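Colleague: Chains as they are written, first to last, in this note's numbering: chain A, 1 to 605; chain B, 1001 to 1293; chain C, 2001 to 2312.
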């Protein structure tokens, strides 16, 4: 008996050891194959530094660890898709990509920082908080010494130069040197499907006879009521509503519709890093005079009141209080709502509607309802995704060269559409998508076979950016002439005709005076206790603002709203926070003027 | 005296209540199952009895997750080896702590128990694991979990209910610590050990947070476990054509409910297959006339 | 003869000594493991006393003493509410902790063994369903306007407008505790089932001889047999009153119910970890550890007074 037991134990121990060693062997195998490259001398650019292509500069093949916002069709590590191979061949590197998950990356990053195990290039999900930490511990590389030699593409591109200049400002750098590299400059759309817009079912609006729609606070709900009356049930028999939201989705994300539901449509950005107390006008990049969280008539509370009124009138889906955003999107695609704010969901819903033959149902973005300005034509001058190079990396030049290489217009087009010849071709100097391309579904599987959208957030420009050389937007799938024609159903034609214009973009430019986004104010890590106050304000709002939406009457709503406001003023230092950020914003006037000048140069040239 | 198989009224009520609760527990599983075979649109409308708009979309999607096969192997490996290691280490420790001759017994017992309540957060833990070289190493899955206070408590309590005469008679026969452990304590503790096997195995099968923190970058190779891959896939599975604007903040990538349900089913199913095998250890009485034997 | 007796006593003594040394030696490797994985990381508690930033060495961080501990309590209205919620929900769960024992007895009473096994397997299933899925299930089956529950109740005419357990503030605690019981009842009963099987069958036979009926057997044999297990688990539950589990409340809490459902674990995440304020999060962790150990000591002491023996 004892022998048997002993034997069993030994067997178990052997099993553990075997598995352990098997997998360890796997690892050492992999590292050995790239270890050879790593152990060579690290001045790979000792060769000719002439103006030849990247190929001649980098004679030695090295391996780079990159953590980025990339497509996840393949496991972390070397990728097999054509675009990844193109990058590797052009730069003579082995590119080990890890796709990060935004929710977990902050904790992983903290652990890696503490342990000194950071990758070569990585993304910052929250630069305001994370960059100071990296600089404090000397983990972020100062990019200045490498720019001239290895970042020539970006330096010579006006948009790139603007990005570099912005990264040197006090808000983004402690000492005037560039640490952050911004990807996805330009804009996410061509102006027709803004990320935050007022989208309504234009087909029903037309059927209702184009009722008066000149105000968000007054008219919109009346119009939605009429639309619901025209289509009280979806095709599956579900009850329809004017609008919905996803308040059930954890603290913060559920308030998205308050933060972005009205501001961009009236030319104001509520700056999230200030706890939303500060609003900045996108017309001239100046801060608003009022504290947006305590101003009952400010855009924040007007948005909350809109949803409360909708709830009172039975136009808000009661499930909004418990839904998460994926359920909301499914409902939208099923036709449950007449009004929608997030642009990407409108696109998704329209795609779903178009699966039916002869479909007329379309969500179309309305021009600004009552304001003279809107934040429609985006301008992510600093880049929407911030990347950092590890100060301890063995190959700083190769890292900067990589960042520079993917930041070009050419590569951006490849990132969003695949290599030339697969889904698009140049015809008379203009890129044209193939017919097949417009019918594919862009998902992870497509990324594996063609490389499409793998690098979409690790490239220089967002998909709506117009490429100066050929005047066509980066993403041919959504914004080329062919794609626009396909989108032009009768509802869309009616929309354009209703405003007396020739194209959708013209409508927006004609209806509102200012449609170009111009917000150059940004904030770094706040001093002293201000950062703590912002966290506490956000926490308080997250747990309390939704109760205002559930108020049963206008009096009750005002009661709750006033209580929240006075609570913020008395116990959460909200006025102190506002004053701090307002003063900071005013102090940036000169820097802002410089950036405006550079931006004008881009538009001119 | 044979127990009669006649059904009494309390017995019938008992069975009825159990039946009701069983249904409450079983129906959600069925719900998950049928929803994983239905289209997202149908799920939104409500699928309650049988799959509607039958589609294998969710499962084929799962099958295409990169690195799936090796992760399944790793998950099985960690479950089996981790369970064996934990059961052996925790039970042996519990046995030592239950021995009445152990000096400073109270102190040593509390030494283990306090570990359940002290936790300095993940950064120091990460640094410790890194310092002893367990990063990107399979052992990080099973070594930290080998000695667990909760299991020690359960097993020790159980061992203390074993009649002392059995141990003493073995000692009289000249058995040492190890032999008593192997030949007397372990066989008699089968019910509680079966419990621990179930708890540990389920834990090992379901844990992914250690994977996330300690398997980083290219040196992690094939060491990712199934749960982690599923979790990652949950975060990232979205049609990427809509050019998601970053102004929306975190948590924008969400997957459809059908996918989540398919994942859940794939995770739960193996547990349910193995589970009944452990059942017989804690549903049958074994202490029959043990003292006399 | 006298010598023999002395020699025997001496050798027995040194035999005991030998055994004691052996026991401690055997125990050492396990103590070492526990030290490495649980006690050594405690150096991280020092983060609570400095302005910690990941990547900086400890001596490079500015010392701030008890600043972060004070911060836990400064926003007292919030903190009191969180503690109230945490303790209320834990207390309710502790009250329900007798249910798995009752359930185990119920299963063991069933005469059809195969049925009992099926029941036991099926009722363990909810424990394996992740909280993310539980949210989906609760939403689709109970909470949504279009949910099964609402369709049935409205169809039968029992209610005129849909109910929504997830936004019901007044019954929030009851709802969450019920969901937790549903999820853990079958699985937690396993421990009690194994305890029942370890009860000496002879005791039952003796009771039969004494003419005891079923209820009396349960009362006088089964329940006493479960008592020691029950008390151990009870003490553990009391010491864990500050831990309610993060996932359940983060996922099932909604804007309407945060007031009642914000518990300590979500509070730590929201205020500390999510904002990368690790000093604050560590201070909260220390607070939780200290309180838990105090609770355990108190419960242990009470148990010693009431039952005569201390469990820990």
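Beta carbons: idealized from backbone N, C-alpha and C, even for Gly. In this text, all values refer to a predicted model and were calculated from it rather than measured experimentally.
Give me the chain B residues within the contact set of residue 238 of chain A, using Cβ-Cβ distance strictly less than 7 angstroms, ordered along the chain.
Modeller: 1045
Colleague: Beta-carbon of residue 976 of chain B versus every beta-carbon of chain C: anything under 7 angstroms?
Modeller: Absent from the model: residue 976 of chain B. The displayed extent of chain B is 1001 to 1293, so no value can be given.
Colleague: Along the chain, where does the beta strand (DSSP E) that runs through residue 2380 of chain C open and close?
Modeller: The structure shown does not extend to residue 2380 of chain C, since chain C is modelled only from 2001 through 2312, so no value can be given for it.
Colleague: Just checking: is the beta-carbon of residue 1141 of chain B within a distance shorter than 7 angstroms of some beta-carbon in chain C?
Modeller: Residue contact with chain C for residue 1141 of chain B: absent (no Cβ-Cβ distance below 7 angstroms to any residue of chain C).
Colleague: How long is the line joining the alpha carbons of residue 359 of chain A and residue 348 of chain A, rounded to whole angstroms?
Modeller: Rounded to the nearest angstrom, the two C-alpha atoms are 15 angstroms apart.
Colleague: In chain B, what lies closer than 9 angstroms to residue 96 of chain A by C-beta?
Modeller: 1217, 1218
Colleague: In chain B, which residues lie less than 8 angstroms from residue 112 of chain A when you measure between Cβ atoms?
Modeller: 1216
Colleague: What is the DSSP secondary structure of residue 198 of chain A, counted as helix, strand or coil?
Modeller: strand
Colleague: Rank C:2299, C:2097, C:2024 by C-alpha distance to the C-alpha of residue 1104 of chain B and give the top, closest one.
Modeller: C:2024
Colleague: Looking at chain A, which residues of the region 1094 to 1126 of chain B have a Cβ within less than 7 angstroms of any of its Cβ atoms?
Modeller: 1122, 1123, 1126
Colleague: What are the residues of the region 324 to 335 of chain A that lie near chain C, defined by any Cβ-Cβ distance shorter than 9 angstroms?
Modeller: 324, 327
Colleague: Within 10 Å of its beta-carbon, does residue 75 of chain A have 16 or more other beta-carbons around it, so buried, or fewer, so exposed?
Modeller: Residue 75 of chain A comes out buried.
Colleague: Nearest by alpha-carbon distance to residue 2198 of chain C: which of B:1202, B:1189, B:1040, B:1089 is it?
Modeller: Among B:1202, B:1189, B:1040, B:1089, the Cα nearest to that of residue 2198 of chain C is on B:1189.
Colleague: Which partner residues of residue 433 of chain A appear in the DSSP bridge assignment?
Modeller: A:424
Colleague: My guess is that residue 70 of chain A and residue 454 of chain A are in contact by the Cβ rule of under 8 angstroms, so how many angstroms apart are they, rounded?
Modeller: 6 angstroms
Colleague: Can at least three beta-carbon pairs, one atom from the region 433 to 448 of chain A and one from the region 473 to 492 of chain A, be found at a separation below 8 angstroms?
Modeller: Pairwise C-beta distances place the region 433 to 448 of chain A in contact with the region 473 to 492 of chain A, as three or more of them are shorter than 8 angstroms.
Colleague: Apart from the five residues just before and just after residue 1227 of chain B, which ones in its own chain have a Cβ nearer than 8 angstroms to its Cβ?
Modeller: 1075, 1205, 1206, 1207, 1208, 1211, 1267
Colleague: So, helix, strand or coil for residue 287 of chain A, using DSSP?
Modeller: strand
Colleague: Within 10 angstroms of its Cβ, does residue 1165 of chain B collect 16 or more other Cβ (buried), or is it exposed?
Modeller: exposed
Colleague: Taking a cut of 8 angstroms between CB atoms, which residues from the region 1061 to 1072 of chain B lie near chain A?
Modeller: Answer set for the region 1061 to 1072 of chain B: 1064, 1066, 1067.
Colleague: Say whether chain B places a C-beta atom closer than 7 angstroms to the C-beta of residue 2216 of chain C.
Modeller: no
Colleague: Out of A:143, A:104, A:96, A:482, state which residue places its alpha-carbon closest to the alpha-carbon of residue 396 of chain A.
Modeller: It is A:143.
Colleague: Of all the residues that make up the region 1021 to 1043 of chain B, which are near chain C by a beta-carbon distance shorter than 9 angstroms?
Modeller: Within the region 1021 to 1043 of chain B, contact with chain C at the beta-carbon level (separation under 9 angstroms) is assigned to 1021, 1022, 1023, 1024, 1025, 1026, 1027, 1028, 1029, 1031, 1032, 1035, 1043.
Colleague: Taking the beta carbon of residue 1007 of chain B as the centre, do at least 16 other beta carbons fall within 10 Å, making it buried, or is it exposed?
Modeller: exposed
Colleague: Residue 130 of chain A: buried (16+ other C-beta within 10 angstroms of its C-beta) or exposed?
Modeller: buried
Colleague: Go through its chain and collect everything with a Cβ distance to residue 255 of chain A's Cβ below 8 angstroms, but skip five positions before and after it.
Modeller: 247, 541, 542, 545, 546
Colleague: Hey, would you say residue 2283 of chain C sits closer than 7 angstroms to residue 2026 of chain C, going by beta carbons?
Modeller: no
Colleague: Can you tell me whether DSSP reads residue 142 of chain A as helix, strand or coil?
Modeller: coil
Colleague: Kindly provide the ranges of any alpha helix (DSSP H) runs that are 4 or more residues long and lie completely inside the region 77 to 156 of chain A, ordered along the chain.
Modeller: 82 to 91, 105 to 115, 127 to 136, 144 to 150, 152 to 156
Colleague: Considering only residues of the same chain and omitting the five flanking positions on each side of residue 2310 of chain C, which have a CB-CB separation below 6 angstroms?
Modeller: 2300, 2304
Colleague: When you compare the region 415 to 435 of chain A with the region 149 to 167 of chain A, are there three or more beta-carbon pairs, one atom per stretch, that lie closer than 8 angstroms?
Modeller: no
Colleague: Is it true that the CB of residue 1265 of chain B sits closer than 7 angstroms to the CB of residue 1072 of chain B?
Modeller: Result no, Cβ atoms of residue 1072 of chain B and residue 1265 of chain B do not sit closer than 7 angstroms.
Colleague: How big is the Cα-Cα spacing for residue 376 of chain A and residue 495 of chain A?
Modeller: 17 angstroms
Colleague: Using a Cβ cut-off of 7 angstroms, pull out every chain B residue sitting near residue 2122 of chain C, in sequence order please.
Modeller: Neighbours of residue 2122 of chain C in chain B, taken as residues at a C-beta separation under 7 angstroms, are given in chain order as 1022, 1025, 1026.
Colleague: For residue 1238 of chain B, count the other beta carbons within 10 Å of its own beta carbon; 16 or more makes it buried, fewer makes it exposed. Which is it?
Modeller: Residue placement at residue 1238 of chain B is poorly supported in this model, since its pLDDT is 42, which falls under 50; the coordinates are not used for a value here.
Colleague: Kindly indicate which residue of B:1084, B:1106, B:1061, B:1082 has the alpha-carbon position closest to the one of residue 614 of chain A.
Modeller: The structure shown has nothing for residue 614 of chain A, since chain A only spans 1 to 605.
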